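**Q**
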Amino acid sequence: MMPVGTTLSRWTMSYFGAALSYLLLAECLLAAGVWTPSLGITEPGALAIVHAVTLGWLLLLMIGSLLQFAPVLTGNDRPASRFDLIAFAGMVAGPALLMLGFHLISLGSSAAGLVMIAASVTLSLSIAAVSMSLSALLWRGRHVHAASLIVLVGIGCLLVTTALGALFALTISGLVEAPAVVAYGMEAVAFHASFGLGGWMTFAAIGVSYKLLPMFLLSNDMRKAQLVRRSSTLAVLLLSTAAIGTPVAPDFARAVFLSAAVLFALIVAAYLFEICRTYRARRRPALELNTLGSLPAFAMLGLSVSLLAVSLFLHAETRIVSAIVYLFVFGWLTGFGLAQLLKIVPFLTWIEAFGPLLGRRPTPKLGELVNGRRASVWLGLFYLSVVGAAIALCLGSDTGFRMFAVFQTASTFALVVELVLARTLANVPPRIKSAPFHKPALFVAAKPQR
Numbered sequence: 000m001m002p003v004g005t006t007l008s009r010w011t012m013s014y015f016g017a018a019l020s021y022l023l024l025a026e027c028l029l030a031a032g033v034w035t036p037s038l039g040i041t042e043p044g045a046l047a048i049v050h051a052v053t054l055g056w057l058l059l060l061m062i063g064s065l066l067q068f069a070p071v072l073t074g075n076d077r078p079a080s081r082f083d084l085i086a087f088a089g090m091v092a093g094p095a096l097l098m099l100g101f102h103l104i105s106l107g108s109s110a111a112g113l114v115m116i117a118a119s120v121t122l123s124l125s126i127a128a129v130s131m132s133l134s135a136l137l138w139r140g141r142h143v144h145a146a147s148l149i150v151l152v153g154i155g156c157l158l159v160t161t162a163l164g165a166l167f168a169l170t171i172s173g174l175v176e177a178p179a180v181v182a183y184g185m186e187a188v189a190f191h192a193s194f195g196l197g198g199w200m201t202f203a204a205i206g207v208s209y210k211l212l213p214m215f216l217l218s219n220d221m222r223k224a225q226l227v228r229r230s231s232t233l234a235v236l237l238l239s240t241a242a243i244g245t246p247v248a249p250d251f252a253r254a255v256f257l258s259a260a261v262l263f264a265l266i267v268a269a270y271l272f273e274i275c276r277t278y279r280a281r282r283r284p285a286l287e288l289n290t291l292g293s294l295p296a297f298a299m300l301g302l303s304v305s306l307l308a309v310s311l312f313l314h315a316e317t318r319i320v321s322a323i324v325y326l327f328v329f330g331w332l333t334g335f336g337l338a339q340l341l342k343i344v345p346f347l348t349w350i351e352a353f354g355p356l357l358g359r360r361p362t363p364k365l366g367e368l369v370n371g372r373r374a375s376v377w378l379g380l381f382y383l384s385v386v387g388a389a390i391a392l393c394l395g396s397d398t399g400f401r402m403f404a405v406f407q408t409a410s411t412f413a414l415v416v417e418l419v420l421a422r423t424l425a426n427v428p429p430r431i432k433s434a435p436f437h438k439p440a441l442f443v444a445a446k447p448q449r
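0 is the number of the first residue of the sequence shown in numbering that gives the first Met the number 0; add one for each residue after it.
#1: Where does D220 fall in DSSP's three states?
#2: Looking at the structure shown, is G292 part of a helix, part of a strand, or coil, going by DSSP?
#3: Please list, in chain order, all residues of the same chain as S218 whose beta carbon is under 7 Å from its beta carbon, the five residues on each side excluded.
#4: Could you pull out every unbroken alpha helix (DSSP H) segment of at least 4 residues lying fully inside the region 73 to 149, listed in chain order?
#5: From A95 to V52, what does the alpha carbon distance come to, in whole angstroms?
#6: In chain order, what residues of the same chain lie with their CB nearer than 6 Å to the CB of G55, ignoring the 5 residues before and after it?
#7: Between the Cα of L148 and those of F272, P428, S231, spot the shortest distance and give me the residue it belongs to.
#8: Quick one: what does DSSP say V3 is sitting in, helix, strand or coil?
#9: Between V180 and the ligand FAD, is the CB less than 8 Å from at least one heavy atom?
#10: Can you look up F436 in the DSSP assignment and give me helix, strand or coil?
#11: Compare the Cα-Cα distances from G153 to each of T170, I126, R81 and report the closest residue.
#12: Is the region 364 to 377 close to the region 322 to 331, with three or more CB pairs under 8 Å?
#13: Kindly indicate the opening and closing residues of the alpha helix (DSSP H) around M185.
#14: Between L106 and A118, is the Cβ-Cβ spacing less than 9 Å?
#15: Can you look up W377 in the DSSP assignment and give me helix, strand or coil?
#16: Considering only C-alpha positions, which residue in the set I319, K210, G39, V33 is nearest to L306?
#17: Determine the closest residue to R430 out of W34, N289, T362, with distance taken between C-alpha atoms.
#18: Looking at F403 and A391, is the spacing between their C-beta atoms short of 9 Å?
#19: Within the continuous alpha helix (DSSP H) that includes S13, where are the two ends?
#20: Find out if the Cβ-Cβ distance for the pair L157, R77 is shorter than 9 Å.
#21: Using a Cβ-Cβ cutoff of less than 6 Å, which residues in the same chain neighbour A25 once the five nearest sequence positions on both sides are dropped?
#22: Going by C-alpha to C-alpha distance, which of R222, V255, P249, L216 sits closest to V235?
#23: Of the residues V324, L257, F353, L300, which one's Cα is nearest the Cα of F312?
#24: Could you tell me the alpha carbon to alpha carbon distance between T274 and E176, rounded to whole angstroms?
#25: Does the distance from the C-beta atom of A168 to that of I116 stay below 9 Å?
#26: May I ask you to report which of helix, strand or coil DSSP gives L59?
#27: I need the straight-line Cα distance from A92 to D220, nearest angstrom please.
#28: When you compare only the Cα positions, how much space is there between A308 and A260?
#29: Per DSSP, what kind of secondary structure is H191 in: helix, strand or coil?
#30: Please identify the residue among P246, M61, S384 whose C-alpha is closest to the C-alpha of G184.
#31: Measure the Cβ-Cβ separation of V386 and L420 and say whether it is below 9 Å.
#32: Sorted by chain position, which residues of the same chain lie with C-beta nearer than 6 Å to M299's C-beta, five sequence neighbours on each side aside?
#33: In three-state terms, what does DSSP make of G387?
#34: Using C-beta distances below 6 Å, list every residue in its chain close to A322, excluding the 5 sequence neighbours before and after it, in chain order.
#35: Residues in its own chain within less than 6 Å of A18 by CB, not counting five upstream and five downstream?
#36: What are the complete alpha helix (DSSP H) segments, minimum 4 residues, inside the region 295 to 361?
Listed below in structure tokens is the structure:
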């Protein structure tokens, strides 16, 4: 699946482990009632959970994936750096500091500002370092696969999201007190979310999937990468224009923002059409766990983006928009991420453990590393829980939301257990693990493998 000569990323599993820990933490907080539909979405507890999901879970998941698969996308290796571990540590510590800062804000502590600044600096430096490394790699390989440029658009959105987040941290800390800047910070929340969820996370996921899904499905390459790249660039330009124009021409900025939302919906529609074509053209008759488990995520992507575009035009209530965003974040981004991890983790584990033994002794099939039947049950329960939680959120039911949050947390924990079992080769018969054999470490590739 990976080109000969491509190395296994040393830190990808570390990113995945930290990301899953943040996801479980956020879901546990929801299940415990730290935030419920009756509370405002600007409450410190809500903001802590939001950033645990977006920065702790989704950012770490995507960066970990790109460290491994950007070389596959471009056909070039990414040189290892002694700063990789420092950047990883910063990305893990940053969301924790941010959550601490929001907690201190809820307590009215004077230390909140300093903690928020520390979080902002830590995240900004770490994100900038990794972004520059990945951007250089993707730019060098832009002619190998057009999807490289889609991921580059996503990384650009990540940097804008980080800059807006730093602005919020400066205003919260009190270091910036200019009324105009503070007012803009309040108005820019929608742009912060749009650049982050739509620009960075969705475009990056689309770009990577343009290479991985045909590879996993044994299908032809998806052909609309150039169209999606041009359209995504235009959508980002429209969103940037709206963000810049908001302070001086709010009505014009809103019109441009709505135009960007419509274009984003069209991009998603084109992408989903490509997905359908790729699934139908596959040469692998039976769908595997990751490709079958991604179908609900694609459905929720189409549903949530369509509903979100309509809600923006109709000025829908906050709870309705929140429910749609919940479906987008957990149904699409998280569901797709978990489904792909059920393939990626066993795949990377197999490469490290059994790749060197291929042709020299019997090796297990890739599918034997994970219990597909059991994992599919947990993944199905996860999707059902997300839909239930979104409906409860739309109805404003605190009890219903917490109940489904508990089910969602339990199913996520079960999936994490399945991933750990796959990584530790617990499902592989002992006779296959006899010497000579290298058992992979849980979180780190022992050394670069070729």
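Positions of the beta carbon are idealized from the N, C-alpha and C atoms, including for glycine. These figures come from a predicted structure and were not determined experimentally.
**A** In this structure, then:
#1: coil
#2: helix
#3: T277, A280, R281, R282
#4: 83 to 106, 111 to 139
#5: 11 Å
#6: Y21, P94
#7: S231
#8: Here the model assigns V3 a pLDDT of 40, short of 50, so the residue's position is not dependable, and the following value carries that caveat. In this structure, V3 counts as coil in the three-state DSSP scheme.
#9: Absent from the structure shown: the ligand FAD. Ligands present: none.
#10: coil
#11: I126
#12: no
#13: 178 to 186
#14: no
#15: helix
#16: I319
#17: T362
#18: yes
#19: 11 to 30
#20: no
#21: I48, A51, V52
#22: V255
#23: L257
#24: Residue identity differs from the one stated: residue 274 is Ile in this sequence, not Thr. If you take the alpha carbons of I274 and E176, they lie about 48 Å apart.
#25: yes
#26: helix
#27: 38 Å
#28: 6 Å
#29: helix
#30: P246
#31: no
#32: L326, G330, W331
#33: helix
#34: A389, L392, C393
#35: W56, L59, L60
#36: 317 to 325, 334 to 353
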